[in-house]
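Below: one structure, written as structure tokens.
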Amino acid sequence: MTRKNALLIVDMQNDFCPGGALPVADGDLVVPALNRYMEIFKAEGVPIYASRDWHPAKTAHFKEFGGQWPAHCVRKTFGAEFHPDLELPKNAVIITKGDDPDSDGYSAFDGHDDSGRVFDERLRDDRVTHLYVGGLATDYCVKETVLDAVRKGFEVTVLMDAVKGVDVREGDSERAVQEMAESGAEEVTLDKFRIKA
Ligand code: VGL
Ligand code: ZN
């Protein structure tokens, strides 16, 4: 089987950055690394996907309605927009998730493209076999996405210098990284980065 690479940027949205509704400490600091990765991938013609948390105002995901989180990434609000410095190419494929009011939708694999095709199906239609994953948050959406991707048979590489976690409990991000590694995901950083042929 020939490998086809793709980049997935998870939930790089204003509400997950300092000043947002559910901020990841220094979450915005991964934007330059993500931009650099995108440059490398664009030069190689590798497709880029960007997931977005896209909640209705009323969802079981929010504390007010029985969930765990303060309201965040409510669809069509500023907080749900991608970070303004994120240099997404025009042909990036947006994967919307969390729009079902009855589920958390942590994983990008719970999401769908603009035409409603679920992410897994979209990747298979695009012949993708290997996903490079960066973004927010290491211990929630990145982790769930990576574990799902491995389960579904994709090769996965986590971009370690382009992810950051929430750490509701101390050490959550570290444990998430360990879990992803144990599942079979590889890890890489920019200084050692080379796209697999
Ligand atoms: C996320 C908590 C709640 C994430 C989304 O993108 O990691 N975390 N909703
Ligand atoms: Zn959410």
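Numbering (my numbering), first residue to last: 9 to 205. C-beta: ideal position from N, C-alpha, C; glycine also. Because the structure is a prediction, the values reported are computed rather than measured.
Asked, Found
"Proximity below 9 Å, CB of Ile3 to CB of Gly143", "Given a span of 9 to 205 for the chain in the structure shown, any question on residue 3 remains unanswerable."
"Closest Cα partner of Arg11 within the set Thr137, Thr197, Thr146 and Met168", "Thr137"
"Own chain partners of Pro109 with C-beta closer than 7 Å, once the 5 adjacent residues on each side are dropped", "Pro64, Lys66, Thr67 and Ala68"
"9 Å Cβ cutoff met for Glu195 and Val150", "no"
"Cβ neighbour criterion (16 or more within 10 Å) applied to Asp19", "buried"
"Contacts around Val185, its chain only, beta-carbon distance under 8 Å, and the 5 residues preceding and following it disregarded", "Thr146, Val166, Met168 and Glu195"
"Minimum C-alpha distance to Leu94 - residue among Asp36, Ala193 and Tyr114", "Asp36"
"Where Gly5 falls: helix, strand or coil (DSSP)", "Look at the range of the chain in this structure, 9 to 205, and you will see that residue 5 is not part of it."
"Cβ-based neighbour list, Leu139, same chain, cut-off 6 Å, excluding 5 preceding and 5 following", "Ala14, Leu16, Ala157, Phe162 and Val164"
"Limits of the beta strand (DSSP E) - the one that Ala29 falls within", "Run containing Ala29: none; DSSP gives neither H nor E here."
"Residues of its chain near Ser181, where Cβ-Cβ distance is below 6 Å and the 5 sequence neighbours each way are ignored", "Thr146, Asp147, Gly173 and Asp175"
"Those runs of the beta strand (DSSP E) which lie wholly inside the segment 151-189 and span at least 3 residues", "163-172"
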